[in-house]
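For reference, the structure discussed in these notes is given below.
In my numbering, the protein residues as written are 1 to 397.
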């Protein structure tokens, strides 16, 4: 018998794991409403035609062989130019194009941590980070975000969590899964604390351009002001509705303090040769072209968010904080009658054929009763979901 490596048992990704239960119901003939994963194309949104045409032309007319392990130069130049425009002077050599921001996170953490090292993560937060660290034999350490504080990080809690083994601190702003936006002043204080304690800040800003109110400053701009080492992770997946194209990147701020780390990332990136070449041609037009489609996308997201909030508020057993960005909301069930949040979600799937993700899949306390719902579906589907959920709650609570 050929057995897997023991480290695979520690790699858990709740967003995808629950889908297996839903797929089993589909095989039994049920029609599932998937509100567990943030893919706008599933819900009818389409990328800008100009980007589609750009990639189509690239496939037809341009070089699509192996690119540099760092990515196509024209793509890195566009990323560096955009960052510089936003207040972070950046050179194309400080940019690595990756197969989505997920690969960026994996390459960066693999290059950074040794077994037994610690990285500070928000909880609730994106579950890929602890999964990667567990795979590497490093230890995720959590700073808690509380709904009562608007899902904002507390500086004193972050400071208490730092130990001699801490290597880095991850900031997810805007937040997945809560949709909260950390104010610039708070980000600046966290970056300053990390710099003072000799930590790398990893700023996950995948949703920065999908805010309903003011867009926060890039953390790199705040880091550049004090010459603090920071790596920003970004992508086109959600902002330009192309998640399956796998277009992401990392960019280094104060790179003179991370030369060896950048070389290590380059060695690892060389092992996978390059990220997909054809879709990299979409980066320059995405970052420099017309973004009116994005304003329309955000306006439609706001309508769907507001429809979701209206239904949550009408059900006494549910509550939530208003998300300021992206397309996720963390909903709290007032009384789960002794169930864990995961069991509640599985029972809900069984009764309603609606799939969401339990809060503890993102690091929340399993007894607090949270689940994350993706509100990308149209308003008719949203109302169908909450009609079913309301009936389920009347029976189950």
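Note that the Cβ used here is the ideal one computed from N, Cα and C, for glycine as well.
If you reduce the DSSP assignment to three classes, tell me which class residue i lands in.
{"i": "residue 237", "result": "coil"}
{"i": "residue 362", "result": "helix"}
{"i": "residue 398", "result": "With the chain covering only 1 through 397, there is no way to say anything about residue 398."}
{"i": "residue 102", "result": "helix"}
{"i": "residue 282", "result": "coil"}
{"i": "residue 118", "result": "strand"}
{"i": "residue 109", "result": "helix"}
{"i": "residue 68", "result": "coil"}
{"i": "residue 11", "result": "coil"}
{"i": "residue 374", "result": "strand"}
{"i": "residue 357", "result": "strand"}
{"i": "residue 242", "result": "coil"}
{"i": "residue 161", "result": "helix"}
{"i": "residue 190", "result": "helix"}
{"i": "residue 5", "result": "coil"}
{"i": "residue 52", "result": "helix"}
{"i": "residue 96", "result": "strand"}
{"i": "residue 58", "result": "helix"}
{"i": "residue 123", "result": "strand"}
{"i": "residue 33", "result": "strand"}
{"i": "residue 148", "result": "helix"}
Which first and last residues belong to the beta strand (DSSP E) in which residue i is found?
{"i": "residue 129", "result": "It is not in any beta strand (DSSP E) - residue 129 instead sits in the alpha helix (DSSP H) that spans 128-136."}
{"i": "residue 333", "result": "328-333"}
{"i": "residue 140", "result": "139-144"}
{"i": "residue 409", "result": "No answer is possible for residue 409: it lies beyond the span of the chain, which begins at 1 and ends at 397."}
{"i": "residue 252", "result": "248-253"}
{"i": "residue 349", "result": "Careful: residue 349 lies outside any beta strand (DSSP E), inside the alpha helix (DSSP H) at 341-352."}
{"i": "residue 170", "result": "166-172"}
State yes or no: is the C-beta of residue i within less than 9 Å of the C-beta of residue j?
{"i": "residue 132", "j": "residue 171", "result": "no"}
{"i": "residue 253", "j": "residue 84", "result": "no"}
{"i": "residue 199", "j": "residue 169", "result": "yes"}
{"i": "residue 375", "j": "residue 327", "result": "yes"}
{"i": "residue 153", "j": "residue 182", "result": "yes"}
{"i": "residue 167", "j": "residue 118", "result": "yes"}
{"i": "residue 220", "j": "residue 98", "result": "no"}
{"i": "residue 33", "j": "residue 321", "result": "no"}
{"i": "residue 178", "j": "residue 329", "result": "yes"}
{"i": "residue 269", "j": "residue 107", "result": "yes"}
{"i": "residue 341", "j": "residue 363", "result": "no"}
{"i": "residue 369", "j": "residue 333", "result": "yes"}
{"i": "residue 165", "j": "residue 116", "result": "yes"}
{"i": "residue 325", "j": "residue 207", "result": "yes"}
{"i": "residue 317", "j": "residue 335", "result": "yes"}
{"i": "residue 96", "j": "residue 251", "result": "yes"}
{"i": "residue 244", "j": "residue 275", "result": "no"}
{"i": "residue 57", "j": "residue 137", "result": "no"}
{"i": "residue 378", "j": "residue 44", "result": "yes"}
{"i": "residue 361", "j": "residue 127", "result": "yes"}
{"i": "residue 19", "j": "residue 36", "result": "yes"}
{"i": "residue 192", "j": "residue 294", "result": "no"}
{"i": "residue 55", "j": "residue 279", "result": "yes"}
Identify the continuous alpha helix (DSSP H) that holds residue i and give its terminal residues.
{"i": "residue 309", "result": "292-313"}
{"i": "residue 25", "result": "19-27"}
{"i": "residue 204", "result": "Where residue 204 is concerned, there is no enclosing alpha helix (DSSP H), although the beta strand (DSSP E) it sits in stretches over 200-204."}
{"i": "residue 222", "result": "219-225"}
{"i": "residue 74", "result": "73-85"}
{"i": "residue 265", "result": "259-271"}
My assumption, with CB atoms under 8 Å, is that residue i sits in contact with residue j. Please give the rounded CB distance.
{"i": "residue 94", "j": "residue 80", "result": "7 Å"}
{"i": "residue 212", "j": "residue 302", "result": "5 Å"}
{"i": "residue 218", "j": "residue 258", "result": "17 Å between Cβ atoms; not a contact."}
{"i": "residue 120", "j": "residue 149", "result": "Actually they do not touch by this definition, with Cβ atoms about 17 Å apart."}
{"i": "residue 357", "j": "residue 339", "result": "With 8 Å as the limit, residue 357 and residue 339 do not qualify as a contact, their Cβ atoms being about 15 Å apart."}
{"i": "residue 67", "j": "residue 288", "result": "That belief does not hold up - the Cβ atoms of residue 67 and residue 288 are roughly 19 Å apart, past 8 Å."}
{"i": "residue 10", "j": "residue 134", "result": "4 Å"}
{"i": "residue 205", "j": "residue 159", "result": "So it is not a contact: roughly 23 Å between Cβ atoms."}
{"i": "residue 21", "j": "residue 346", "result": "6 Å"}
{"i": "residue 155", "j": "residue 195", "result": "Not really, about 13 Å apart at Cβ, beyond 8 Å."}
{"i": "residue 323", "j": "residue 180", "result": "7 Å"}
Decide yes or no for the touch test of the region 34-53 against the region 228-241: beta carbon pairs closer than 8 Å, at least 3 of them. yes
Any chance the region 338-358 sits against the region 386-395, with 3 or more Cβ pairs inside 8 Å? yes
Any chance the region 276-289 sits against the region 69-77, with 3 or more Cβ pairs inside 8 Å? yes
Per the contact definition of three or more C-beta pairs closer than 8 Å, is the region 306-326 in contact with the region 97-105? no
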